[in-house]
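Inspection log for the structure reproduced underneath, given as structure tokens.
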Amino acid sequence: LRRSSPATGDCGSPPLMTHSRPSSDEHASSFPVGSRVTYTCIEGAIKIPGRSDTVECLPGARWSKLPEPCGRSCAAPTRLRFAALSKEDERINFFPVGTNVSYVCRPGYENTSESSPTSTCLENLVWSEAAELCRRRSCGDPGALPGGGMVALTDLQFGARMNVFCDDG
Numbered sequence: 001l002r003r004s005s006p007a008t009g010d011c012g013s014p015p016l017m018t019h020s021r022p023s024s025d026e027h028a029s030s031f032p033v034g035s036r037v038t039y040t041c042i043e044g045a046i047k048i049p050g051r052s053d054t055v056e057c058l059p060g061a062r063w064s065k066l067p068e069p070c071g072r073s074c075a076a077p078t079r080l081r082f083a084a085l086s087k088e089d090e091r092i093n094f095f096p097v098g099t100n101v102s103y104v105c106r107p108g109y110e111n112t113s114e115s116s117p118t119s120t121c122l123e124n125l126v127w128s129e130a131a132e133l134c135r136r137r138s139c140g141d142p143g144a145l146p147g148g149g150m151v152a153l154t155d156l157q158f159g160a161r162m163n164v165f166c167d168d169g
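Taking full-length UniProt numbering, the leading residue of the sequence shown gets 1, the next gets one more, and so forth.
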């Protein structure tokens, strides 16, 4: 007479994850084949877009494979006055530690180096400061205004303002 052990067809406790915990039956230790366990993110972690958050006890008493469903992420990258986030990086919405994003100079600004401004998600979930590699373009000297004149209110860089006046008569 063969007797099956009580653990046959039972997966036992669900796999441990670094940034998530089982959301229900947290203290249960018995999960029969067909059981499903959903994970929720621990404090300080967020759901990784596109990843499943559920494991299932499969025939053979083994859990389905599940990559970590949650992780630590920086918030959206810093908005810069002189540069905008690159098109590729604009589409990303999860920024784990070590992620680099690049920027392109905004209209009216020109790049002053061979590289683009970049920023990195740091261990403390704050973005590194992007080097100010874009500077405002110069509009150049507007020249003389026949029958009048101009007074620069700021400088002659992109976005500058001038007062224009007409001579008497």
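Think of the CB as a built atom: it goes at the ideal place given N, C-alpha and C, for glycine as much as any other residue.
Whole-angstrom C-beta distance between residue j and residue i, which should lie under 8 Å
| i | j | result |
| --- | --- | --- |
| Cys-57 | Ser-35 | 4 Å |
| Arg-135 | Thr-112 | 5 Å |
| Pro-59 | Val-37 | The pair is not a contact, with the Cβ atoms about 16 Å apart (cut-off 8 Å). |
| Ala-61 | Cys-11 | 5 Å |
Local Cβ density within 10 Å of residue i, reported as buried at 16 or more and exposed below that
| i | result |
| --- | --- |
| Cys-166 | exposed |
| Ala-130 | buried |
| Ser-20 | buried |
| Val-55 | buried |
| Ala-83 | buried |
| Ser-29 | exposed |
| Leu-85 | buried |
| Pro-146 | exposed |
| Val-164 | exposed |
| Leu-133 | buried |
| Gly-71 | buried |
| Val-151 | exposed |
Residue from the options with nearest C-alpha to residue i
| i | options | result |
| --- | --- | --- |
| Thr-18 | Val-37, Cys-41, Phe-31 and Gly-9 | Cys-41 |
| Tyr-103 | Glu-68, Phe-94 and Ser-116 | Ser-116 |
| Pro-142 | Leu-133, Arg-161, Glu-132 and Trp-127 | Arg-161 |
| Ile-48 | Gly-148, Pro-96 and Cys-121 | Pro-96 |
| Thr-118 | Phe-31, Arg-51, Asp-89 and Cys-70 | Asp-89 |
| Ser-23 | Val-101, Ala-75 and Asp-53 | Asp-53 |
| Val-33 | Ser-128, Gly-9 and Arg-91 | Gly-9 |
| Arg-137 | Glu-123, Glu-114 and Tyr-109 | Tyr-109 |
| Lys-65 | Arg-51, Ala-76 and Ala-75 | Arg-51 |
Distance, residue j Cα to residue i Cα
| i | j | result |
| --- | --- | --- |
| Leu-16 | Arg-106 | 46 Å |
| Ala-98 | Gly-149 | One point to set straight first is that residue 98 is Gly, not Ala, in the sequence displayed. So the two alpha carbons sit approximately 54 Å from each other. |
| Arg-3 | Trp-63 | For Arg-3, the predicted model reports a pLDDT of 36, less than 50, meaning its position is unreliable and no value from the coordinates is stated. |
| Pro-69 | Phe-94 | 12 Å |
| Arg-125 | Gly-44 | One point to set straight first is that residue 125 is Leu, not Arg, in the sequence displayed. Roughly 10 Å separates the two Cα atoms. |
| Thr-78 | Asp-168 | 50 Å |
| Tyr-39 | Val-101 | 29 Å |
Residue i CB to nearest heavy atom of the ligand MG below 7 Å
| i | result |
| --- | --- |
| Pro-69 | No copy of the ligand MG occurs in the structure displayed, which carries no ligand at all. |
- Length-filtered (4 minimum) alpha helix (DSSP H) runs lying within the UniProt domain "Sushi" (72-136): 87-90
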